[in-house]
Amino acid sequence: MTVESRADLSRKWSRQRTRQLLLVGLGLLVLVSAMVLSMSLGVTIMRPGVIVRAVLSPLLPSAWYADIPAVQIAVLYNLRLPRTVMAVIGGAALAAAGVSMQGISRNPLVSPYTLGISPAAAFGASLAILFGLAAHPATGRFWMVGAAFVSALTCAALVLGLSALRGVTSTVLILAGVGLTYLFSALTATIQFVASEQQLAAIIQWTFGSLNGRTWDEVAIAGAIVAASLPVLQAHAPALDALATGGDEVATSLGFAVARTRLLITVAAVLATAAIVSFTGVIAFVGLVAPHIARMLIGGNHRVLIPFAAIIGALLLLIADLIGRLAFAPIIIPVGIVVAYLGVPLFLHLLLSRRQEMLV
Amino acid sequence: MLEIAGLQYGYHGTPVLKGIDLNVAAGEVVSIVGPNGAGKSTLLKCVNRILRPTAGTVSLEGRAASAYARRELARTISYVPQQTGPTPLLSVIDMVGLGRAPHRGQAPAAHDRAIVMDAIEAVGLVPLAFRLFAELSGGERQRVLIARALAQEGRLMLLDEPTNALDLRHQLDAMILVRRIVRERGTSALIAIHDLGLASRFSDRLVLLSAGRVYADGEWTSVLSPAHLEGVYGVTAEVGTANGLPYVIPKRQTP
């Protein structure tokens with residue numbers, strides 16, 4: 018796009034903003050369609066019109082959905098809707114956390130898991146499994162999620178604490194994260210070594226990352242944490258631009274309180290990631306690759322990049338889950354596995370078709 | 693505009709700046725020259741408090757820099773960094789727009805937009821406004837960074853090695869641009885720079901740093917005497933003017 022004059026510049030700038038917002042809007046539209054599609058497909062196929070009316074049924078006069086069997090509405094509300102919403106929350110959180118972590122570290126290889134959150138969560142869940150807490154029929158789920166969450170946050174606190182000792186620079190942050198990743202992987206491996214056959218199976222199952230059996234309680238808790246975290250990331254979009262373009266010095270010279278900003282962004286990203294990982298198990302790759310896909314499509318301006326990456330992440334996870342449910346039905350392939358099969362070709366395609374400059 | 697007195701700074705206990713006194717008047721372009729490691733970049737970073745001096749004072753327009761809030765300081769001092777690190781995926785216009793960050797919320801958005809476009813126009817980058825920063829040549833990137841500093845509207849502009857890694861033509865471009873900005877806006881500039889010829893030609897004053905101290909300060913003809921160059925750089929050199937333009941030719945190292 019060449020620009021001829023000042024007036025032309027002004028016009029094209031406005032048009033560019035409009036186009037970016039339209040792209041975000043289009044992404045949202047596709048996401049909502051994918052949600053409807055995901056809910057309509059399953060053991061029984063429901064038509065999209067039915068889905069929409071059933072989902073909105075609490076708000077509609079009863080005559081509008083009288084033709085839909087109550088059992089269908091129940092299936093939708095108790096099974097498919099929470100699962101779909103969890104996929105959206107999870108994908109959005111991991112992708113937004115990934116964008117932010119890549120931004121503050123100026124490193125395209127960073128993901129929400131760089132600080133060691135996922136092996137730490139796996140360790141927590143493994144502990145709960147090893148001590149038999151996870152097997153308890155009523156409170157098992159609570160113990161497993163709780164242990165994973167606490168362990169993930171402990172790890173993040175350790176990483177931040179370690180880097181505070183050396184001054185919280187991105188290199189220290191990443192290296193401390195790498196170190197703790199190995200530590201927690203070793204701890205989990207140790208548990209696997211001493212665990213019984215059944216426990217071992219449960220631990221491995223957990224690490225696959227899955228959206229099976231998500232309840233509204235879980236969606237609500239994860240959703241609340243994510244809903245508190247993502248606005249923090251979005252509010253720091255200009256600081257992320259500055260950090261991503263010139264690192265600490267440039268951001269400081271532009272008036273940003275770098276140390277505080279980095280800490281806030283990291284804490285928000287860690288909370289969002291830990292909230293998801295604890296419930297779903299390890300869903301790798303989304304948080305690494307959704308940011309890149311989004312960046313290649315909409316550019317590096319974090320004001321639009323963060324929401325767009327969140328949409329891409331949600332879409333990726335939702336479609337991966339859909340494929341995982343349908344491909345070998347009634348066997349459900351865990352979403353953590355499918356997402357790689359879906360995301361890698363897409364990512365490689367964009368990698369090869371885009372110009373070198375688009376790759377950070 | 694800027695008064696520095698007794699400024700000291702050290703990295704991990706190793707002193708880099710050992711008591712610097714330096715003034716920059718309004719409307720003045722001052723260049724800091726000196727060998728690698730003399731403390732040129734460190735001095736700039738102490739001025740806008742990217743680094744916290746360990747002793748001494750920096751005051752801007754009569755007020756201690758340490759008394760400024762971070763954002764307020766960013767509205768007073770524009771900074772053109774050295775080009776290092778990974779290049780960002782931002783468009784030129786978004787890069788320049790970052791210069792408005794310390795002004796956010798101080799004026800209507802339309803005002804900020806106008807200033808960003810003014811800055812892009814001032815450095816002649818209108819045709820490239822929507823290109824990615826990463827796609828540009830070194831000279832074009834330097835102009836983007838200067839445009840960002842313009843949009844920042846500081847009354848003092850700090851430039852860290854603005855001609856590094858640029859070819860002859862673009863070195864001239866950058867220096868002429870800085871000189872023009874200072875003249876047109878009545879601001880000041882403090883430049884850390886290696887090229888003695890360019891520094892002499894485009895600055896009102898040179899400050900020669902050596903091992904963290906001011907070795908000489910004044911007009912280039914007095915600062916860049918052969919004796920000074922031998923004392924600081926360890927070279928014998930020929931200094932003079934050709935057609936009114938200053939030059940420095942290093943001849944050989946002194947033992």
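Line order of the protein sequences matches chains A and B. So the first sequence is numbered by the working numbering: it starts at 18 and just counts up by one. So the second sequence is numbered by the working numbering: it starts at 693 and just counts up by one. Ideal placement from N, C-alpha and C gives every residue a C-beta, glycine not left out.
{"Check": "Closer than 9 Å at the beta carbon, the chain D residues around Ser27 (chain A)", "Outcome": "No chain D is part of this structure, whose protein chains are labelled A and B."}
{"Check": "Strand pairing of Asp852 (chain B), partner residues [DSSP]", "Outcome": "B:Ala884"}
{"Check": "Spatial distance of Glu720 (chain B) from Gly816 (chain B) (CA atoms)", "Outcome": "24 Å"}
{"Check": "C-beta contact flag for Ala326 (chain A) and Val116 (chain A) at 8 Å", "Outcome": "yes"}
{"Check": "Close-in-space but distant-in-sequence residues of the same chain around Arg792 (chain B) (CB under 7 Å, 5 per side omitted)", "Outcome": "Asp804, Ile807, Val808 and Ala843"}
{"Check": "Beta-carbon gap between Gly317 (chain A) and Pro773 (chain B) smaller than 8 Å", "Outcome": "no"}
{"Check": "Contact set for Pro129 (chain A): own chain, Cβ-Cβ below 7 Å, skip 5 residues either direction", "Outcome": "Leu111, Ala114, Gly115, Met118, Ala286, Thr290 and Gly304"}
{"Check": "Beta-carbon proximity of Gly353 (chain A) to Ile293 (chain A), cut-off 8 Å", "Outcome": "no"}
{"Check": "Per-residue contacts from Asn318 (chain A) into chain B (C-beta, under 8 Å)", "Outcome": "Leu782, Ser783 and Asp786"}
{"Check": "Ser895 (chain B): CB within 7 Å of a non-hydrogen atom of the ligand COA", "Outcome": "In the structure shown, the ligand COA is absent, as is every other ligand, since no ligand is present at all."}
{"Check": "Beta-bridge partners of Ile742 (chain B), as assigned by DSSP", "Outcome": "Answer is none; Ile742 (chain B) lacks a bridge partner."}
{"Check": "Any C-beta of chain A under 8 Å from that of Glu813 (chain B)", "Outcome": "yes"}
{"Check": "Local conformation of Tyr82 (chain A) per DSSP, three classes", "Outcome": "helix"}
{"Check": "Boundaries of the beta strand (DSSP E) in which Val815 (chain B) is found, first to last residue", "Outcome": "First-last for Val815 (chain B): undefined, no H or E at that position."}
{"Check": "Contained alpha helix (DSSP H) runs [length at least 4] in the region 87-160 of chain A, N- to C-terminal order", "Outcome": "87-92, 98-122 and 134-147"}
{"Check": "From B:Thr746, B:Ala730, B:Asn728 and B:Arg741, residue whose alpha carbon lies closest to that of Gly702 (chain B)", "Outcome": "B:Thr746"}
{"Check": "First and last residue of the uninterrupted beta strand (DSSP E) at Leu387 (chain A)", "Outcome": "No statement about residue 387 (chain A) is possible, as the shown extent of chain A runs from 18 to 377 and does not include it."}
{"Check": "Spatially closest choice to Asn124 (chain A) from A:Val356, A:Pro308, A:Leu314 and A:Arg320, by CA coordinates", "Outcome": "A:Pro308"}
{"Check": "Proximal residues to His920 (chain B) (C-beta, below 7 Å), its chain only, five neighbours per side dropped", "Outcome": "Leu900, Tyr907 and Ala908"}
{"Check": "Proximal chain A residues relative to Ala821 (chain B), where beta-carbon distance stays under 8 Å", "Outcome": "Val20, Leu26, Lys29 and Trp30"}
{"Check": "Distance between beta carbons of Gly748 (chain B) and Leu699 (chain B), contact taken as under 8 Å", "Outcome": "4 Å"}
{"Check": "Ala193 (chain A) beta carbon less than 8 Å from that of Val13 (chain A)", "Outcome": "Nothing about residue 13 (chain A) can be read from this structure; chain A reaches only from 18 to 377."}
{"Check": "Status (buried if at least 16 other CB within 10 Å, exposed otherwise) for Lys943 (chain B)", "Outcome": "exposed"}
{"Check": "Beta-bridge partners of Thr928 (chain B), as assigned by DSSP", "Outcome": "B:Arg944"}
{"Check": "Close-in-space but distant-in-sequence residues of the same chain around Thr61 (chain A) (CB under 8 Å, 5 per side omitted)", "Outcome": "Gln89 and Val92"}
{"Check": "Chain-order list of residues whose beta-carbon lies under 6 Å from that of Ala821 (chain B) (same chain, five-residue window excluded)", "Outcome": "Val784, Ile785 and Ile812"}
{"Check": "Proximity test, Cβ basis, 8 Å: Pro794 (chain B) and chain A", "Outcome": "yes"}
{"Check": "For Ala839 (chain B) and Ala385 (chain A), the rounded distance between their alpha carbons", "Outcome": "As shown, chain A starts at 18 and ends at 377. That puts residue 385 (chain A) outside it, with no answer to give."}
{"Check": "Cross-strand partners of Arg897 (chain B) (DSSP beta bridge)", "Outcome": "B:Val722"}
{"Check": "Backbone CA spacing between Ala802 (chain B) and Arg32 (chain A) [nearest angstrom]", "Outcome": "15 Å"}
{"Check": "With 16 other Cβ atoms within 10 Å as the buried cut-off, status of Asn740 (chain B)", "Outcome": "buried"}
{"Check": "Within-8 Å CB hit, Leu367 (chain A) to chain B", "Outcome": "no"}
{"Check": "Where the alpha helix (DSSP H) containing Ala843 (chain B) begins and where it ends", "Outcome": "Gly830 to Gln844"}
{"Check": "Neighbourhood of His366 (chain A) by C-beta distance below 8 Å, restricted to the same chain and skipping five residues each side", "Outcome": "none"}
{"Check": "First and last residue of the uninterrupted alpha helix (DSSP H) at Leu339 (chain A)", "Outcome": "His319 to Leu343"}
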